[in-house]
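Chains as they are written, first to last, in this note's numbering: chain A, 8 to 161; chain B, 193 to 916.
Down below is the structure, laid out as structure tokens.
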């Protein structure tokens, strides 16, 4: 079986996997990194949302061969040690989570949005497609605004 | 085991220590000490295993059987490491029960919330381990507080003896006992000596509400940090030794039967461990879910169409309509407001698809999954695998949402059967397609209303309905037989509309139904989600017929001052009646159930009726004592999204015996762009017993959204979801 190397949350990893194996199952089943969740497998619910070279991806529809020598960041790698990313902290401050299953993906989507768009409008936030079946959307919106304000819009 | 009464003057134990059962026929609350080297005490839970009918207050047990284990009990342990551990006989699926119970415990112990841990208890053999009917806070509020108050009294007594000080001079705070001279002792350091104390020197009664510092304070979830860092573990995240990823190939139609399978190509693929037939299809066990899905797709299967293969939505709808019982004659001289409503099937669609780990051996089985009914699950798994129930261990995991879906344990039984057949532990996951196409759903229903008014007042109100019931056929599969919450749970009574909410004169009506082999399940708020939603739409139409404002009319017709108060609150806070542009409107609705009530005001922008946007939602709720107002607000917020989704855009179609939708791509659950830009919830102050709240908001939110849509578009919506 071919092997593939990439950087996962700051550490170099090498896995033996079929070339077309989705990154989601490489992370979850081979590397036991379970923050990214399976919710649909077709890139629609976005519960698995993570970052590839700092940009939002859905690992359930990204093949492992396309990650070679690139930087994969999952929810586990978003914080700086014990210091949470501002989006994670805002999520706690606003008590966003209910069941919590979609929230790693929601947080990664919000972090990616704020990186590109430090002062998002309501329309920008409306552009986030991640499903939250519990319906936490209002607190997600509040948390994104709070995280954006905390960074001074920088 | 010793029992002491939870009072300042404890009497002797109700029975001696030992293993035999003792009937304790006292109507007072009992707390038991379990033999342990740390302070470990238990409070019995009401043994009411039936779904809560709503407004029953928390009640102490009268006749309690003591079994010597933590069966039937809420168990609290003070560990040497100064943690308070309470094994909770409920499941956490996002509703926040672990946080609410931790708050009750922290309140009465004067412990730091961070020192309270609430693991979920394994399935027990008896007692109330049912999570549903919005009953958890109602049933735990008394026992949890009394348990913690008793523990506190023991710890204070132990400290008093250690320090040779009068117990009444000691204070508690931050998980420590504090002496007047400033000396402190952690609860953990006192646990062993407190375990030996039988007679407490201070009151073991819970605090009066006026002294509550934790209960009633808006509090962030205790698992918030675990969730945002990805540490929170759901069933699929567990590494159980040897449990391999497993998926099942399922038929294209509901209840389709396997005719033949050629698994040679699938077995030849790398990473495939086993292929076995199960009642629902063909299971593949593989090295990863990628390998499992690939092998599943390589199976060559011939399916016979399921029993509904000639049936589609149009026929189901016409059969439902025909099954609605007739309404009797209206009172003479009255004016009629008549309406019929149809609701489509709705998937529960929890974000975490059904997942179960099963390790079934010759003489025992161990199962891990998220269950609202672990006791029933254990019995059913035992019977499906041919093991005695005592040989089956069910570990209850947090769930990624439920909405009623985890009352049933289809996946756990299936996982157990696959493990048994393959002689290996398995981690079974239903794909999203499995969940949408073969999962359970809220039944479709048809409602016929006739309200009769005379002299400006409703004098008769008729509501007849029919809904789809689940037929199990001649040979129901094990998974089809998995627990279905029996019967419809309504506010009250045999009539569809018998809630007593409105003074509507003579009530009449009846329920009919058609039986179809479709997997159904109780969906958040159960019958009220359709029955009460439709009623609230009719109430608006009555108001219109009478030329009255929807809020003003409700105020004259509501029987309860409490409901009127939440309506007034929502109307005032939401600025009811404010001028709005064309295509925009407000809508209101109320609901009362589970000993609680709620009002919802929604504003909608329906300038494009095909793409309406609910822009603002204001809710007001009276749930008695709101243990965690922040959690309650979250529950209400969730029900607002339920209302938006089910009324405007999310449902399931049946096409020739198959569910048309297959994922969130076509099951149009609300996204951020459909959610209100502004949400607020107002919690009415109360020191009354807590009522239920998890499902409460659904009918009010649904009704308010539908009424807002009707007013914004000048239409009378009759089929839900509206855009489907």
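Positions of the beta carbon are idealized from the N, C-alpha and C atoms, including for glycine.
Pair within 8 Å by beta-carbon distance, residue 749/B and residue 814/B: In the second chain, residue 749/B corresponds to position 557, counting from 1. In the second chain, residue 814/B corresponds to position 622, counting from 1. Not a contact, by the Cβ cut-off of 8 Å.
Any C-beta of chain B within less than 7 Å: which residues of the region 97 to 120 of chain A qualify? 98, 99, 102, 104, 105, 106, 107, 108, 109, 110, 111, 114
Any contact between the region 332 to 349 of chain B and the region 292 to 306 of chain B? By contact I mean 3 or more CB pairs, one from each, below 8 Å. yes
Give, in chain order, every residue of the region 527 to 547 of chain B whose Cβ lies closer than 8 Å to some Cβ of chain A. 541, 542, 543, 544, 545
Tell me whether the region 599 to 615 of chain B and the region 342 to 358 of chain B touch, counting them as touching only if at least three CB pairs, one residue from each stretch, are closer than 8 Å. no
Starting from residue 507/B, follow its DSSP beta bridges and name the residues at the other end. Within the second chain, numbered from 1, the residue matching residue 507/B stands at position 315. Bridge partners of residue 507/B: none, in fact.
Compare the beta carbon distance of residue 643/B and residue 650/B with 8 Å and say whether it is the shorter of the two. Start at 1 with the first residue of the second chain, and residue 643/B comes out as number 451. Start at 1 with the first residue of the second chain, and residue 650/B comes out as number 458. Result yes, Cβ atoms of residue 643/B and residue 650/B sit closer than 8 Å.
The region 611 to 620 of chain B contacting the region 588 to 602 of chain B, beta-carbon criterion three pairs below 8 Å: no
So, is the C-beta of residue 132/A closer than 8 Å to a C-beta in chain B? Taking the first residue of the first chain as position 1, residue 132/A is located at position 125. Yes - at least one Cβ of chain B is within 8 Å of the one on residue 132/A.
Ignore the nearest five residues each way along the sequence and tell me which others in residue 784/B's own chain have a CB closer than 6 Å to its CB. Start at 1 with the first residue of the second chain, and residue 784/B comes out as number 592. Within the same chain, residue 784/B has close Cβ partners 693, 755.
For residue 745/B, three-class secondary structure by DSSP: Indexing the second chain from 1 puts residue 745/B at position 553. DSSP places residue 745/B in helix when its eight states are reduced to three.
Return the residue from the list 324/B, 628/B, 888/B, 910/B that minimises the CA-CA distance to residue 47/A. Mapped onto the first chain, residue 47/A falls at position 40. Closest by alpha carbon: 628/B.
For residue 856/B, go through chain A and note every residue whose CB falls closer than 7 Å to its CB, in chain order. Your numbering for residue 856/B matches position 664 in the second chain. Ordered by position in chain A, the residues that pass the 7 Å Cβ test against residue 856/B are 47, 51, 52, 138.
What does residue 834/B touch in chain A if you count any residue whose Cβ is under 8 Å from its own? Indexing the second chain from 1 puts residue 834/B at position 642. Result: 142.
Along the chain, where does the alpha helix (DSSP H) that runs through residue 486/B open and close? Counting from 1 along the second chain, the entry for residue 486/B is found at position 294. First-last of the alpha helix (DSSP H) with residue 486/B: 481 to 490.
Can you name the start and end residues of the alpha helix (DSSP H) that residue 370/B belongs to? Here the question's residue 370/B lines up with position 178 in the second chain. Here residue 370/B belongs to no alpha helix (DSSP H); instead the beta strand (DSSP E) covers 368 to 370.
Quick check on this structure: which residue in 706/B, 893/B, 801/B has the alpha carbon closest to the alpha carbon of residue 728/B? As a first step, residue 728/B is located in the second chain; it is residue number 536 there, counting from the start. If we check each option's Cα against that of residue 728/B, 893/B comes out closest.
Closer than 8 Å, CB to CB, is residue 34/A near chain B or not? Reading the first chain from its first residue, position 27 is the one you call residue 34/A. Residue 34/A does not count as touching chain B.
Whole-angstrom distance between residue 537/B and residue 710/B, CA atom to CA atom: The count along the second chain starts at 1 and reaches residue 710/B at position 518. The count along the second chain starts at 1 and reaches residue 537/B at position 345. Their Cα atoms are separated by approximately 10 Å.
Assigned secondary structure, residue 417/B (DSSP; H/G/I helix, E/B strand, else coil): Counting from one through the second chain, the residue named residue 417/B turns up at place 225. In this structure, residue 417/B counts as helix in the three-state DSSP scheme.
Nearest by alpha-carbon distance to residue 508/B: which of 885/B, 913/B, 862/B, 845/B is it? Working through the second chain from its first residue, we reach residue 508/B at position 316. The shortest Cα separation from residue 508/B among 885/B, 913/B, 862/B, 845/B belongs to 845/B.
With 16 as the cutoff for other CB atoms within 10 Å, does residue 137/A come out buried or exposed? One-based indexing of the first chain puts residue 137/A at position 130. So residue 137/A counts as buried.
Tell me whether residue 554/B is buried or exposed, calling it buried when 16 or more other Cβ atoms sit within 10 Å of its Cβ. To locate residue 554/B, count along the second chain from 1; it is residue 362. The residue in question, residue 554/B, is exposed, as its Cβ has fewer than 16 Cβ neighbours within 10 Å.
Report yes or no: is there a C-beta of chain A within less than 8 Å of the C-beta of residue 482/B? Within the second chain, numbered from 1, the residue matching residue 482/B stands at position 290. Yes, residue 482/B lies at the interface with chain A (some Cβ there is under 8 Å from its Cβ).
Using the C-alpha atoms, what's the distance from residue 790/B back to residue 752/B? The residue labelled residue 752/B in the question sits at position 560 within the second chain. The residue labelled residue 790/B in the question sits at position 598 within the second chain. Rounded to the nearest angstrom, the two C-alpha atoms are 12 Å apart.
CA-CA distance, residue 358/B and residue 376/B? Position 166 of the second chain holds residue 358/B. Position 184 of the second chain holds residue 376/B. If I take the Cα positions, the gap works out to 15 Å.
Identify the continuous alpha helix (DSSP H) that holds residue 560/B and give its terminal residues. Counted from its first residue, the second chain places residue 560/B at position 368. From DSSP, residue 560/B is part of no alpha helix (DSSP H) but of the beta strand (DSSP E) over 557 to 561.
Using a Cβ-Cβ distance under 8 Å, would residue 188/A count as near chain B? Not covered by the structure: residue 188/A. The range shown for chain A is 8 to 161.
Could you tell me whether the region 411 to 427 of chain B touches the region 305 to 312 of chain B, where touching means 3 or more Cβ pairs closer than 8 Å? yes
Check whether the Cβ of residue 132/A lies closer than 7 Å to any heavy atom of the ligand GTP, and answer yes or no. For the ligand GTP, the structure offers nothing, since it holds no ligand at all.
Of the listed residues 135/A, 146/A, 13/A, 156/A, nearest to residue 71/A (C-alpha basis): Within the first chain, residue 71/A is the residue found at index 64, counting from 1. Considering only alpha carbons, the answer is 13/A.
Residues in the same chain with beta-carbon distance under 6 Å from residue 581/B, minus the five sequence neighbours each way, listed in chain order, please. Taking the second chain and counting its residues from 1, one reaches residue 581/B at position 389. If we look at residue 581/B and ignore the five residues flanking it on each side, its Cβ neighbours are 570, 571, 574.
Run through DSSP, which three-state label would residue 205/B get? Reading the second chain from its first residue, position 13 is the one you call residue 205/B. Because the pLDDT of residue 205/B is 34, which lies under 50, any placement of that residue in the model is unreliable, and the number read from its coordinates should be weighed accordingly. Coil, per DSSP.
For residue 436/B, count neighbouring C-beta atoms within 10 Å of its own C-beta (all shown protein chains included) and say buried if the count is 16 or more, exposed if not. Position 244 of the second chain, counting from 1, holds the residue named residue 436/B. Counting Cβ neighbours within 10 Å, residue 436/B comes out buried, since at least 16 surround it.
Near residue 810/B, what residues of its chain come up, given a Cβ to Cβ distance below 6 Å and the 5 sequence neighbours on each side ignored? Counted from its first residue, the second chain places residue 810/B at position 618. 762, 765, 766, 793, 872, listed in sequence order.
Helix, strand or coil for residue 715/B per DSSP? Your numbering for residue 715/B matches position 523 in the second chain. Looking at residue 715/B - three-state DSSP - the assignment turns out to be coil, as it is neither helix nor strand.
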